[in-house]
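Participant: Take a look at the following structure, please.
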Amino acid sequence: MKVIDLTHTIKPNMPVFPGTEPPQLSPASTFEQDGFRETLLNMYSHTGTHMDAPAHVREDGITLDKFPADKFVGKALVIDCSDLSEGDIIDISYINKYKNIIDEAEFILFKTNWDKYWDTEKYYGKFPVINDEVADFLISSNKKGIGLDVISIESIDSEDLPMHHKILKNNLVIIENLCNLDQIGNNLFTFCALPLKFIDSDGASIRAIAILD
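Under this note's numbering, the first residue of the sequence shown carries the number 99, and numbering increases by one thereafter.
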C-alpha cells in the first residue's frame with residue numbers, strides 16, 4: 099500500500115482566494131510557560147486544500163457536518179488535463195478517454211499540474227476549468243465529488259459562480275487546491291478527503307490522501 103498526500107500545508111502567507119485573509123497561527127501555550135504546546139488557528143473555512151459544501155453558495159444547501167462520513171471516501175480517478183494551458187477548457191473529450199473505467203469512480207480529480215504554480219502569481223491566473231458538459235456528466239453519473247489542483251472550479255473572476263451552483267445544488271462536493279495528482283497514475287484508487295467537522299460548515303480545510311494498492 100502506498101499513501102500519497104494531496105494536501106497543501108496550512109501556513110502564514112500561503113495562497114488564499116483574493117479578498118480573504120491568510121491564516122494566522124500563533125502560540126497559545128508554550129513549553130516555557132505552560133509545559134506543553136498549543137497553537138491558536140485563525141483562518142477562513144475555505145483555506146488551502148479544502149471542500150465546498152452545497153451551503154457555500156445556496157441558502158438551502160446542506161452543510162458538511164450533515165453528510166455521513168462515507169461521503170468523503172471512495173474510489174477515485176485522475177483525469178489527465180496537463181496538456182492544457184492558461185484559460186483552456188476541460189471538455190468532455192477528457193472524460194471520454196477514460197470511459198472504460200470512469201463509471202467505477204466516485205470522485206473525479208482533474209490534473210492540470212497547476213499546483214506547480216503554488217506560491218506564485220500565476221496560480222491566480224487563467225487556469226483550466228471544466229465546461230457545462232463535464233459538469234452535467236458528473237451530476238448525471240451520481241459522483242460524490244469533483245476535485246481540482248487549481249484555486250477554483252471556475253474562472254477566478256467569476257462573480258455569479260454558475261459552476262459552483264450547478265454542481266453543489268446536486269449535493270456533490272467540490273475539492274479545490276489539491277496537489278501531487280501527478281504521482282497517482284491512471285488507475286482507480288481509494289480517495290479520502292476528510293473535512294474538519296464543525297457545525298454549519300459551508301466548507302472546510304481537509305487532509306486529502308490517495309491510497310494506492
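Glycine is no exception: its CB is placed at the ideal position from the N, C-alpha and C atoms.
Which first and last residues belong to the alpha helix (DSSP H) in which His263 is found?
Facilitator: Pro260 to Leu266
Participant: Would you decide whether Ser250 is buried or exposed? Buried here means 16 or more other CB atoms lie within 10 Å of its CB.
Facilitator: buried
Participant: Looking only at C-alpha atoms, which of Gly245, Leu236, Leu138 and Gly185 sits nearest to Ser124?
Facilitator: Leu138
Participant: At what residues does the alpha helix (DSSP H) containing Ala203 begin and finish?
Facilitator: Careful: Ala203 lies outside any alpha helix (DSSP H) and carries neither H nor E.
Participant: Cutting at 8 Å between CB atoms, please list the residues of its own chain near Ser127, excluding the five before and the five after it.
Facilitator: Phe134, Arg135 and Glu136
Participant: In whole angstroms, give me the CA-to-CA distance for Pro293 and Asp280.
Facilitator: Distance between the alpha carbons of Pro293 and Asp280: 23 Å.
Participant: Please work out which residues of its chain come closer than 8 Å, Cβ to Cβ, to Ile265, disregarding the five sequence neighbours upstream and downstream, and give them in chain order.
Facilitator: Answer for Ile265: Ala233, Leu236, Ile237, Ile244, Ile251 and Ile272, listed in chain order.
Participant: In terms of alpha-carbon separation, which member of Asp103, Pro120, Pro116 and Phe115 lies closest to Lys109?
Facilitator: Pro120
Participant: Which residues mark the beginning and the end of the alpha helix (DSSP H) in which Leu294 is found?
Facilitator: No alpha helix (DSSP H) contains Leu294, which DSSP labels as neither H nor E.
Participant: Return no unless some Cβ of chain D is closer than 9 Å to the Cβ of Ala306.
Facilitator: Of the protein chains in this structure there is only one, and it is not chain D.
Participant: For Ala308 versus Phe296, is the C-beta distance shorter than 9 Å?
Facilitator: no
Participant: Quick one, are the C-beta atoms of Ala203 and Ala167 less than 9 Å apart?
Facilitator: no
Participant: Which residues does DSSP list as the beta-bridge partners of Thr137?
Facilitator: DSSP, once it has assigned bridges, lists Pro125 as partnering Thr137.
Participant: Residue range of the beta strand (DSSP E) that Glu274 falls in?
Facilitator: Val271 to Glu274
Participant: Across which residues does DSSP place Thr105 in a beta bridge pair?
Facilitator: Leu276
Participant: Considering Asp150, what are the terminal residues of the alpha helix (DSSP H) in which it resides?
Facilitator: Where Asp150 is concerned, there is no enclosing alpha helix (DSSP H), although the beta strand (DSSP E) it sits in stretches over His148 to Asp150.
Participant: What ranges does the alpha helix (DSSP H) occupy inside the region 185-246, keeping only unbroken runs of at least 4 residues that lie completely in it?
Facilitator: Counting whole runs of 4 or more residues, the region 185-246 contains the alpha helix (DSSP H) stretches 190-194 and 230-238.
Participant: By Cβ distance below 6 Å, which residues in the same chain neighbour Asp213 in space, the five residues on each side in sequence not counted?
Facilitator: Asp247 and Cys277
Participant: Look up Asp168 in the DSSP assignment and say whether it is helix, strand or coil.
Facilitator: helix
Participant: Report the CB separation of Val227 from Ser191 in whole angstroms; it is logged as a contact under 8 Å.
Facilitator: So it is not a contact: roughly 15 Å between Cβ atoms.
Participant: From the DSSP output, read off the bridge partner residues of Asp311.
Facilitator: Asp311 is bridged by DSSP to nothing; it lacks a bridge partner.
Participant: Compare the C-alpha of Ser239 against each of Glu219, Ser256, Phe208 and Ile200 and name the closest.
Facilitator: Relative to Ser239, the option among Glu219, Ser256, Phe208 and Ile200 whose CA is nearest is Ile200.
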